[in-house]
Amino acid sequence: MSKPDETTGSNSTAPPPAAPAGQSVSDIQVGLKNATISDLAGNGEGEDDENDNLPKSVINRLIALKNLQDESQTIESQYKLERVQLEKKFRELKAPQMEKRYQIIHGLVEVESLVPEPEVVVENEEEEKVVGIPGFWLQCLQNHPNVGDLITDEDVTALESLKDIKCEYNDDMSGFKLIFEFAENEYFTNKELSKSYTVSPDLLDEKAPALTNVEGSTIEWKPSKNLCVSEVRKKQRAKSGRRAGQVRYVTSLADKPSFFHYFKEPNMTEDEDEEEEEEEEEGARKKSKSKYTLGIDEDYEIGHAIRTAIIPEAVLWFTGEAAGEDDEFEDDEEDDDDDDDDYEDEDGDDEPDAEAEDEAPKKPKGKKGWKGAGGPGVPAAGQGEQPECKQN
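Here you go:
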């Protein structure tokens, strides 16, 4: 059995490397570790001897601990490699259940009757013909507090055509893609909409990983069907010239709340000390963004909730069971009404389009449980840690 090396603390049969004249092996190792050891010795300011404040024996022990740390990191790397394969294995095992769920939701297969038959059968009573579970994914999204808050009344019809939500992972677990599959609908031509996230180092990191990239689909809206904007007619009066006093109406597009803003690139937080050229590029990019575009933290929170909660526990979100007991509490909005009385709308000349709503669309409200397509949602507990945003 080999004898532990007094310098490194590890077992080794190889002889220690030769040291230059006047310099020991431990001195060489201290030199290799000087960036860390000098801080521990309290001499990080460039003195000739960086280790005056620590005995050689202590420095040797610190080097041994550093070696142990390196060995632990090697084991951690191996653990992640094996866990990546384990995650992949069990996702493949769950795939048949996910496919069966899809078939049941869309009525492609029939299931064994588990509901007790009524004792008294009413003659000539026709049972309503319902295919699958209408509005399944819409209600799952509505019943989650963070996601449901983004859904407006006008979004409901479009989201009724949502057939499935899937999650695909990068091979190294460095990110994931959410895929929303839609049936033919009156609002957009896309069959699929997606949102991709990339993090560093990976999703398996126990600390909060850094979000490095976010990409979303471009929605191909059908004419006059964009749920993210509304037409607004504005009254204009000429102040001078031959047309002085004449009035005209100009139609413009104004942003409005919608769940579908989620598929846009989120607003990224920039450092204040950016170069002028980068600031100009960012400024131009921000002008093209809606005021309803999500911030980077909220955007990832939505994606994280869909990936870790809604997709794997869809039926529990549909029924409201996953929402917990938060529905026993209601927000007190009395103060909001008092604040609104202190202000008046000064845009008296603005005339909204005849089809526009007087108020911004609101999220459907109600109690948990199935209400069919468009069923309302209830709040639930928050979802885990979110990655911090890392700027390149």
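Numbering (our numbering), first residue to last: 1 to 392.
Backbone N, C-alpha and C fix where the C-beta goes; we use that ideal spot for every residue, glycine too.
Within the model, the alpha-carbon separation for D155 versus F259 is close to 7 Å.
Assignment of E321 by DSSP, reduced to helix, strand and coil, places it in the helix class.
In this structure K264 is buried. Its beta-carbon is surrounded by 16 or more other beta-carbon atoms within 10 angstroms. Judged by beta-carbon spacing, S161 lies within the 7 Å limit of A183, meaning their Cβ atoms are closer than that value. Closest by C-alpha distance to I310, out of Q139, Q73 and E92, is Q139. The closest CA to that of N190, considering only V199, Q85 and F180, is found on F180. The C-alpha of W317 is placed about 19 Å away from the C-alpha of T157.
A208 carries a coil assignment under DSSP once its states are collapsed to helix, strand and coil. I151 and Q142 have their alpha carbons spaced roughly 7 Å apart. Boundaries of the alpha helix (DSSP H) around L81: K56 to I105. Here V109 carries a coil assignment [DSSP, helix/strand/coil]. Counting the other Cβ atoms within 10 Å of the Cβ of F90 gives fewer than 16, which makes it exposed. For the pair F176 and I219, the CB atoms are not nearer than the 7 Å cut-off.
In this structure D171 is exposed. Its beta-carbon is surrounded by fewer than 16 other beta-carbon atoms within 10 angstroms. For the segment 175-210, the full-length beta strand (DSSP E) segments reaching 3 residues or more read 175-182 and 192-200 along the chain.
Cβ-Cβ distances below 6 Å link T251 to E231 and R233 in the same chain, with the five nearest sequence neighbours on each side left out; the list follows chain order. Each residue's CA atom was taken as its position, placing Y197 and K66 some 34 Å apart. Within the DSSP bridge table, the entry for W221 names F188 as partners. In this structure L253 is in contact with V229, their Cβ atoms being roughly 4 Å apart against a cut-off of 8 Å. The C-alpha of D70 lies about 54 Å from the C-alpha of V109. For G135, the secondary structure class from DSSP, reduced to helix, strand or coil, is coil. Under the three-state reduction of DSSP, V147 is assigned to helix. One Cα belongs to S57, the other to I63, and the distance between them is close to 10 Å. A direct Cα-Cα distance of roughly 26 Å separates A95 from P201. Rounded to whole angstroms, the gap between the alpha carbons of K80 and V199 is 15 Å. For L253, the secondary structure class from DSSP, reduced to helix, strand or coil, is strand. The alpha-carbon of S194 is positioned some 44 Å away from that of L68. Per DSSP, the beta bridge partners of N213 are T198. Per DSSP, reduced to three states, the secondary structure at L227 is coil, with no helix or strand assignment. For I311, the three-state secondary structure derived from DSSP is coil.
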